[in-house]
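Beneath this line is the structure, given in structure tokens, with notes to follow.
Numbering (our numbering), first residue to last: 56 to 120.
This is the structure in structure tokens:
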């Protein structure tokens, strides 16, 4: 867990950097600043997105190869 904390702390710093934000938004990314930057909350978010879009993707027969 110390490695995860170190990475998460660095992520929080990057997500407050205006140049980083501008570059990411220029690439079409949505830079979050809410509770999703915390590992447990991010995990919940990803699980919810998989539950939300998984059936649609399977029904469409789309695969990442």
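Where a beta carbon is used, it is the ideal one built from N, C-alpha and C, also for glycine.
Do residue i and residue j have their C-beta atoms closer together than 8 Å?
i	j	result
residue 76	residue 68	no
Under the assumption that residue i contacts residue j (Cβ atoms under 8 Å), give the Cβ distance between them as a whole number of angstroms.
i	j	result
residue 94	residue 59	6 Å
residue 100	residue 91	5 Å
residue 70	residue 88	6 Å
For residue i, name the three-state secondary structure that DSSP assigns.
i	result
residue 109	helix
residue 69	helix
residue 82	coil
residue 28	Nothing about residue 28 can be read from this structure; the chain reaches only from 56 to 120.
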